Amino acid sequence: MRIVFWNCAMALHRKWVALTALTPDIAVIGECATPEILTRRGVTGLDDRCQWMGRNPNKGLGVFAFNGYRLRRHAPFRPTLQHVLPVEVTGPERCNLLAVWAMNASGGVTRKHQLGPLRRGLAAYRDFLAAGPSVVGGDLNSNAIWDKPGWRINHMTLVEKLSGLGLASAYHLETGEAHGAERVPTCYWRDRRKDGPTYHLDYAFVPPAALRSLAVGSFEEWVGTGLSDHVPLVVDLAPAAACALAPARDTTRR
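Just so we're aligned, residue 1263 is where the sequence shown starts under my numbering, counting upward by one.
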C-alpha cells in the first residue's frame, strides 16, 4: 500500500495531476477543498473515494482512495477535534488511518496548560488505533526543536504515545536521524526558498515491520514550481502477510 501525505496549500484541483503522478493508493491531503468543490472544479471519480472534514469548505483535511481502495469514516467521530480524521481503509489491504492536519501544534490553545487536538484525538481513538494495523500521519506542525520542559504537548511526548501503540516515524526509521535533527525539511515556510526558514513538520507513523520505503519530495519539484510550501511524504507499506514475517525494526530513540 502506498500512502502519500501532503499539505497542498489549497487549490488541489490545479495540483491533482502532480498528486496522482505519485501513484498513491491513499492520499492524506491538508488544506484541500471539499469533494463537492473539487468535483465542480474538474476532479472526477471521487464518489466513495474521499473522506473530508473541516469548517472552511475550501481549506480542510481530505483523504482520497485509488486503485480499488475504499474509505469509511470511523464511528464514533469527534468533529470538534480539528483536524483529526479516523478512516477505515479497505480494499486490496486494510488499515485504520488517523489522518491529521494540525493547523498549529496547540490548535490555538495555550501549549503549557492544555492538550491540542491530536493528543486528545489519540486518546479518543485509542481503541480504533489499537485494533490495527494502523497508520497516523499528515502535517503535524510539530517538531522536537520546540519542546520545552513541562509542556503537555511536546513533540517527543507524542512520539512516545505513538510508540506505545506500536508506531514509529517512517522518516526516522528510514534515515536513523533523531527527532529534531532532521536533515531533510518538509516545509519551506514563509518565503518558499531553499535557503529560507525550513522545518520538518510532516510525518507518517507506521508499524516498523510494515515499512518498505520512504521518500520525501524535492524542493525543485514541489516548492520551486509553486505547488506548495510543503513537499509530500511517500510511504510504501508491505502487505499484512509480509509484515507478520518481517523482523521488527529497531525503534530505539537515537
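Backbone N, C-alpha and C fix where the C-beta goes; we use that ideal spot for every residue, glycine too. Remember, predicted model here, so these are calculated numbers, not experimental data.
Residue environment, residue i, which counts as buried when at least 16 other CB atoms sit within 10 Å
i	result
Ser1404	buried
Thr1448	buried
Pro1469	buried
Arg1276	exposed
Asn1416	buried
Val1279	exposed
Glu1483	exposed
Thr1487	exposed
Ser1431	buried
Glu1444	buried
Asp1464	buried
Ile1288	buried
Ile1291	buried
Ile1265	buried
Gly1438	exposed
Asp1401	buried
Which of helix, strand or coil DSSP assigns to residue i
i	result
Asp1310	helix
Gly1383	helix
Met1315	strand
Ala1367	Confidence is the limiting factor: at Ala1367 the pLDDT is only 49, short of 50, which leaves the residue's position unreliable and the question unanswerable from this model.
Gly1292	strand
Ala1283	coil
Arg1303	coil
Ala1392	helix
Ala1406	helix
Leu1343	coil
Val1493	coil
One or two residues paired with residue i in a DSSP bridge
i	result
Arg1264	Asp1498
Asp1464	Asp1401
Cys1357	Val1351
Arg1276	The partner list for Arg1276 (beta bridge, DSSP) is empty, contrary to what the question assumes.
Leu1427	Beta-bridge pairing links Leu1427 to no other residue.
Arg1334	Glu1350
Ser1475	Asp1498
Supposed contact pair residue j and residue i - C-beta distance, whole angstroms, cut 8 Å
i	j	result
Val1478	Arg1454	Not confirmed; about 16 Å, so no contact.
Val1490	Cys1270	According to the sequence shown, residue 1490 is Ser rather than Val. Rounded, the Cβ-Cβ distance is 5 Å, consistent with contact.
Phe1267	Pro1494	6 Å
Gly1383	Leu1343	5 Å
C-beta neighbour in chain D for residue i, strict 7 Å
i	result
Leu1402	The structure shown contains no chain D, having only a single protein chain.
Can we say the segment 1353-1366 touches the segment 1315-1333, given the rule of at least three CB pairs closer than 8 Å? yes
For the segment 1386-1393 against the segment 1339-1349, do three or more pairs of beta-carbon atoms, one drawn from each stretch, fall closer than 8 Å, so that the two count as touching? yes
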